[in-house]
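Scroll down for the structure; my scribbles are underneath it.
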Amino acid sequence: MRYRGKSSLFYIFSSFGGALLVASAFFYYNYKFSQFKFINFDNTILYERSDIFKPTKNHYYMLIFSSKMNNVNKLISQIPKNYPIIAIDMYQKEFNNTKRVIFVRAGTNTVIDIIQKFNIYKIPVYCEIKRYHKNLFKQNSAKVVLSEQK
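Residue numbering for the sequence shown follows the numbering used here, starting at 145 and increasing by one per position.
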């Protein structure tokens, strides 16, 4: 009898421990997965001149900035040169694209949606985005707030 009591106590604690392990793994991966945000270019319509922007590369830097800042080129020079830049101006001013920078515009609600989705509280800011599946891109780095050099 005594042996049976210890074994049933063992099974109770081991099943509790297993459930705790599964729950902690679930919450950890849920936290890590939600830490970075997604942008779907099928649903988020950005305009490159009069055309709808369609991503062709697997990596981009996404820059949110204000054209009212002193020098946009100095801001861009602070971003690493590894990937092309998708630049979204808060004031929707039209810029000419360069080899490295794709200037896009969007409706006010789309810009607000991007700001809320990526939890942007200060501009200029950029982050790396990486193709996750087709036109779905995932934030692949922390947000970096750029210093406005005068």
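Built from N, CA and C at the ideal position, the CB exists for glycine as well.
Can you have a look at residue i and say buried or exposed, based on whether 16 or more other CB atoms are within 10 angstroms of its CB?
i	result
Ile196	exposed
Val289	exposed
Tyr270	buried
Ser291	exposed
Leu219	buried
Ala231	buried
Leu165	exposed
His204	Per the sequence presented here, residue 204 reads as Tyr, with His not at that position. Burial call: buried.
By DSSP's criteria, residue i is part of a beta bridge. Which residues make up the other side?
i	result
Arg193	DSSP, once it has assigned bridges, lists no residue as partnering Arg193.
Ile229	Tyr205 and Val245
Glu272	Tyr205
Within its chain, find whatever has a CB closer than 6 Å to the CB of residue i; leave out the 5 residues flanking it on each side and keep chain order.
i	result
Phe185	Pro199 and Asn279
Arg249	Tyr191 and Gln236
Pro268	Phe209, Leu219 and Leu290
Tell me the rounded alpha-carbon separation between residue i and residue j.
i	j	result
Glu238	Asn215	15 Å
Asn284	Thr252	25 Å
Lys201	Leu207	16 Å
Lys212	Met234	9 Å
Ile273	Asn226	12 Å
Pro224	Asn263	22 Å
Pro228	Phe180	20 Å
Gln222	Ser194	28 Å
Asn217	Phe247	12 Å
Output needed for residue i: all residues of its chain with C-beta closer than 8 Å, excluding positions within five of it in sequence on either side, in chain order.
i	result
Thr188	Ala250, Thr254, Asp257 and Ile258
Tyr276	Phe182 and Lys282
Ala286	Cys271
Beta-carbon within less than 7 Å of residue i's beta-carbon, same chain only, minus the 5 sequence neighbours each way: which residues are those?
i	result
Tyr265	none
Any contact between the segment 258-267 and the segment 236-246? By contact I mean 3 or more CB pairs, one from each, below 8 Å.
no
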